[in-house]
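Enquirer:
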Amino acid sequence: MSEIFRPSIAEIDLSAVQANFLVLRGFVDPAAFFCPMIKANAYGHGDREVANALRIAGARHLGVALIEEGIKLRKNGDREDLLVFGVFSDEVSAQAMIDHELTTVLSDWSQLDALEKVALKSTLKKAKPKVHLKFNTGMNRLGFAIEEAPRLRERFANHSSLELEGVCTHLLRGDDAGVAQGDSQSQFVQFAKVMSAFRGLKVHAHALNSGGTVGVWKRALSQEGLRKEEVGPLGARPGISIYGVQAAADPALAVDLKPVMSLKSRIVLTKKVAKGDVVSYGATWRADRPSLIGVIPFGYADGWARALSNKGSVLCRGQRVPIAGIVCMDYFMVDLTDVADLKAPVQNGEEVVLIGEQKGQRILAEDVAQMTGTIAYEVLTRVSDRVPRRFIGASYEGAAR
Ligand SMILES: Cc1ncc(COP(=O)(O)O)c(C=O)c1O
789 MSEIFRPSIA EIDLSAVQAN FLVLRGFVDP AAFFCPMIKA NAYGHGDREV
839 ANALRIAGAR HLGVALIEEG IKLRKNGDRE DLLVFGVFSD EVSAQAMIDH
889 ELTTVLSDWS QLDALEKVAL KSTLKKAKPK VHLKFNTGMN RLGFAIEEAP
939 RLRERFANHS SLELEGVCTH LLRGDDAGVA QGDSQSQFVQ FAKVMSAFRG
989 LKVHAHALNS GGTVGVWKRA LSQEGLRKEE VGPLGARPGI SIYGVQAAAD
1039 PALAVDLKPV MSLKSRIVLT KKVAKGDVVS YGATWRADRP SLIGVIPFGY
1089 ADGWARALSN KGSVLCRGQR VPIAGIVCMD YFMVDLTDVA DLKAPVQNGE
1139 EVVLIGEQKG QRILAEDVAQ MTGTIAYEVL TRVSDRVPRR FIGASYEGAA
1189 R
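Using our numbering, you'd call the opening residue of the sequence shown number 789 and step up by one each time.
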């Protein structure tokens, strides 16, 4: 988006990204693998800019879901390690991985076969293509079965055309910090079996998402049946907490994180309505007193959920003002009556904060998620492309795109 006329923006604080990276990095062994996740356009924040900021902060590995996401970062000049966690099975995809020097996270034999075949016939620019093996320890989404670990070890020990750099798994209850039902503990026990199958090979092991990084691993360590030396320094792949969202359900595990995204807009029109007048589609909001209504140009096509209709609130002059009526595609309305300052009523052009801080008041992505029965991941990733991102922070002086 080169020319920007609308007043609605997502402000992305890249210094906060860097600060969160350093906080989370501090939770794992300095020798452990550490791979911030920047898939889905860095959880909606802008992957190129977030990647640049993380590289400056010291991130050696970054993770994406799609080959396309990896290629986009390569085209942006990122030359360091990029892991692609998504599944593919055809040789065209394998070729793209190799051409762009993307590290593949393999989940089954057909992927491994396709990649080896393509690697064998490719003129490689550098060393062998790097791969990580993912194991299914209980999530039942992606990954090899634990029992396949010895066979896989043999395959790599016997002169594969690929370099095995790591083995990993994914926690299904990382956000519960291991307190619920012991799922994470049982996943660690399974993963320890994988690690012992690969003992003696120089491979990284990684398993921890954000919740796992800040809590679950520590707690699991104290559980019977799992000792640190069985798995070595366990690596992490934090996503959501890089963006400032607390991941562990237990408030005792809250960490010093800084929210990265603020959603800001401006009131484009105000209007007085009489008692009994309605606002927006379907007449679901009716004034019970003479009221002042503000129109905000941010709708569900921008990622402001329709489920916030008559429920959510935003900040205006540091006060929470309730959403009045149904959220439309391009707009929603707020009831400004209680912000009425007779000498200086709210004017067109005044700033409103949908997510973020204003005059000491704060609305978090987590608050919006709670109001709409979802999670902060969804609130952040659904901020659509038509909302310009404005990057602030020490490391990147980029303009909005
Ligand atoms: C394989 C993998 N690792 C790590 C993460 C990061 O998880 P979180 O955002 O909960 O930290 C994800 C996200 O879904 C993932 O799919």
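Quick reminder that beta carbons are idealized off the backbone N, C-alpha and C, glycines included.
1) Given this structure, state the Cα-to-Cα distance separating Ala828 from Ala937, to the nearest angstrom.
2) Return the CA-CA distance between Ser1010 and Val982, expressed in angstroms with no decimal places.
3) On the three-pair Cβ rule with 8 Å, is the segment 888-896 touching the segment 920-927?
4) So, Val872 versus Gly858, is the Cβ gap smaller than 9 Å?
5) Locate the beta strand (DSSP E) running through Glu936, then write down its first and last residues.
6) How far does the alpha helix (DSSP H) with Glu951 in it reach, from first residue to last?
7) Within a Cβ cutoff of 6 Å, which residues of the same chain sit near Thr1125, ignoring the five residues on either side of it in sequence?
8) Tell me which residues share the same chain as Phe1120 and place their Cβ nearer than 6 Å to its Cβ, disregarding the 5 neighbours each side in the sequence.
9) Measuring CA to CA, which of Thr1160, Asp878 and Ser803 is closest to Leu845?
10) Sort Lys1099, Leu952 and Thr1058 by Cα distance to Trp1073 and report the nearest one.
11) Return the Cβ separation of Asp963 and Ala1036 in integer angstroms, given the expectation that the two are a contact with Cβ distance under 8 Å.
12) Considering only the beta carbon of each residue, do Val852 and Glu879 sit closer than 9 Å?
13) Can you tell me the Cα-Cα spacing of Leu1142 and Lys863, whole angstroms?
14) Can you check which of these residues, Gly926, Asp887, Thr891 and Asn928, is closest to Ser910 by C-alpha distance?
15) By DSSP, does Pro1039 sit in helix, in strand, or in coil?
16) Hey, would you say Gly1082 sits closer than 9 Å to Ile1114, going by beta carbons?
17) State the Cα-Cα distance for the pair Ala841 and Gly1064, rounded to the nearest angstrom.
18) Only counting the same chain, and skipping five residues up and downstream in sequence, which positions put a Cβ closer than 6 Å to that of Ala1024?
19) By Cβ distance below 6 Å, which residues in the same chain neighbour Ala985 in space, the five residues on each side in sequence not counted?
20) Look up Ile859 in the DSSP assignment and say whether it is helix, strand or coil.
21) Anyone know if the C-beta pair for Met1159 and Gly832 falls short of 9 Å?
22) Quick check on the contact list: which residues have their beta carbon closer than 5 Å to a heavy atom of ligand 1?
23) Can you tell me the Cα-Cα spacing of Ala1132 and Glu1138, whole angstroms?
24) Count the other CB atoms, across all protein chains shown, that sit within 10 Å of the CB of Ser877; report buried if there are 16 or more and exposed otherwise.
25) According to the Cβ coordinates, are Val1127 and Leu1051 closer than 9 Å?
26) Work out the CA separation of Gly1070 and Thr957 for me, nearest whole Å.
27) Any idea which residues DSSP pairs Met1121 with across the strands?
28) Pull up the CB-CB distance for Val1167 and Val1156, whole angstroms please, since I reckon it's below 8 Å.
29) Beta-carbon separation of Phe1179 and Ile800 under 9 Å?
30) Please state whether the Cβ-Cβ distance between Val977 and Gly954 is less than 9 Å.
31) Secondary structure at Gly1135, three-state DSSP: helix, strand or coil?
32) Among Ala1062, Gln883 and Gly1032, which residue has its Cα nearest to the Cα of Asn808?
33) Whose C-alpha, out of Ile826, Pro1021 and Arg987, is nearest the C-alpha of His994?
34) Tell me the DSSP secondary structure of Ile787 in three-state form.
Expert: Let's see:
1) The residue given as residue 828 occupies position 40 in the sequence shown. The residue given as residue 937 occupies position 149 in the sequence shown. Ala828 and Ala937: Cα-Cα distance of roughly 30 Å.
2) The count along the sequence shown starts at 1 and reaches residue 1010 at position 222. The count along the sequence shown starts at 1 and reaches residue 982 at position 194. Since pLDDT at Ser1010 reaches only 49, below the 50 mark, its modelled position is unreliable, and the value read off the structure follows with that caveat. Whole-angstrom Cα-Cα distance: 20 Å.
3) yes
4) Taking the first residue of the sequence shown as position 1, residue 872 is located at position 84. Taking the first residue of the sequence shown as position 1, residue 858 is located at position 70. A contact, by the Cβ cut-off of 9 Å.
5) Residue 936 sits at position 148 when you count from the first residue of the sequence shown. Unbroken run through Glu936: none, as it is neither H nor E.
6) Within the sequence shown, residue 951 is the residue found at index 163, counting from 1. From DSSP, Glu951 is part of no alpha helix (DSSP H) but of the beta strand (DSSP E) over Glu951 to Cys956.
7) Residue mapping note: residue 1125 aligns to position 337 of the sequence shown, counting from 1. Cβ neighbours of Thr1125 beyond the five flanking positions: Ser1079 and Leu1080.
8) By 1-based counting over the sequence shown, the position of residue 1120 is 332. For Phe1120, where only same-chain residues beyond five positions count, the Cβ hits under 6 Å are Ile1084 and Ile1111.
9) Here residue 845 is taken as the residue at index 57 of the sequence shown, counted from 1. The amino acid at residue 845 is misidentified as Leu; the sequence shows Ala. Checking every option, the nearest Cα to that of Ala845 belongs to Ser803.
10) Sequence index remark: in the sequence shown, residue 1073 carries index 285 (1-based). Answer by Cα proximity: Lys1099.
11) Position 175 of the sequence shown, counted from the first residue, corresponds to residue 963. Position 248 of the sequence shown, counted from the first residue, corresponds to residue 1036. Sure, about 6 Å apart at Cβ, within 8 Å.
12) Position 64 of the sequence shown, counting from 1, holds the residue named residue 852. Position 91 of the sequence shown, counting from 1, holds the residue named residue 879. Not a contact, by the Cβ cut-off of 9 Å.
13) Sequence index remark: in the sequence shown, residue 1142 carries index 354 (1-based). Sequence index remark: in the sequence shown, residue 863 carries index 75 (1-based). Computed Cα separation, rounded: 33 Å.
14) Counting from 1 along the sequence shown, the entry for residue 910 is found at position 122. The shortest Cα separation from Ser910 among Gly926, Asp887, Thr891 and Asn928 belongs to Asp887.
15) Start at 1 with the first residue of the sequence shown, and residue 1039 comes out as number 251. Pro1039 falls in the helix class under three-state DSSP.
16) In the sequence shown, the residue the question calls residue 1082 occupies position 294. In the sequence shown, the residue the question calls residue 1114 occupies position 326. Not a contact, by the Cβ cut-off of 9 Å.
17) On the sequence shown, residue 841 is found 53 positions in, with the first residue counted as 1. On the sequence shown, residue 1064 is found 276 positions in, with the first residue counted as 1. Looking at the two C-alpha atoms, the distance is approximately 52 Å.
18) Against the sequence shown, residue 1024 aligns to sequence position 236. Around Ala1024: Val816, Phe822, Leu996 and Thr1001.
19) Walking along the sequence shown from the start, residue 985 turns up at place 197. Answer for Ala985: Ala937, Pro938 and Arg941, listed in chain order.
20) Indexing the sequence shown from 1 puts residue 859 at position 71. In the structure shown, Ile859 sits in a helix (DSSP, three-state: H, G or I).
21) In the sequence shown, the residue the question calls residue 1159 occupies position 371. In the sequence shown, the residue the question calls residue 832 occupies position 44. In this structure, Gly832 does not lie closer than 9 Å to Met1159 by Cβ.
22) Met825, Phe873, His958, Asn997, Ser998, Arg1025, Pro1026, Gly1027 and Ile1028
23) Within the sequence shown, residue 1132 is the residue found at index 344, counting from 1. Within the sequence shown, residue 1138 is the residue found at index 350, counting from 1. One C-alpha to the other measures close to 12 Å.
24) Taking the first residue of the sequence shown as position 1, residue 877 is located at position 89. When all chains shown are included, Ser877 counts as exposed.
25) By 1-based counting over the sequence shown, the position of residue 1127 is 339. By 1-based counting over the sequence shown, the position of residue 1051 is 263. Taking 9 Å as the Cβ cut-off, Val1127 and Leu1051 do not qualify as a contacting pair.
26) Here residue 957 is taken as the residue at index 169 of the sequence shown, counted from 1. Here residue 1070 is taken as the residue at index 282 of the sequence shown, counted from 1. Roughly 48 Å between the two C-alpha positions.
27) Walking along the sequence shown from the start, residue 1121 turns up at place 333. In DSSP, Met1121 forms a bridge with Val1083.
28) In the sequence shown, counting from the first residue as 1, residue 1167 sits at position 379. In the sequence shown, counting from the first residue as 1, residue 1156 sits at position 368. The pair is a contact, with the Cβ atoms about 5 Å apart (cut-off 8 Å).
29) Start at 1 with the first residue of the sequence shown, and residue 1179 comes out as number 391. Start at 1 with the first residue of the sequence shown, and residue 800 comes out as number 12. Cβ distance < 9 Å, so Phe1179 and Ile800 count as in contact.
30) Sequence index remark: in the sequence shown, residue 977 carries index 189 (1-based). Sequence index remark: in the sequence shown, residue 954 carries index 166 (1-based). Not a contact, by the Cβ cut-off of 9 Å.
31) Taking the first residue of the sequence shown as 1, we reach residue 1135 at position 347. Residue identity differs from the one stated: residue 1135 is Gln in this sequence, not Gly. DSSP places Gln1135 in coil when its eight states are reduced to three.
32) Residue mapping note: residue 808 aligns to position 20 of the sequence shown, counting from 1. Closest by alpha carbon: Gly1032.
33) Taking the first residue of the sequence shown as 1, we reach residue 994 at position 206. His994 has its Cα closest to that of Pro1021, out of Ile826, Pro1021 and Arg987.
34) Outside the modelled stretch of the chain, which goes from 789 to 1189, sits residue 787, for which no answer is possible.
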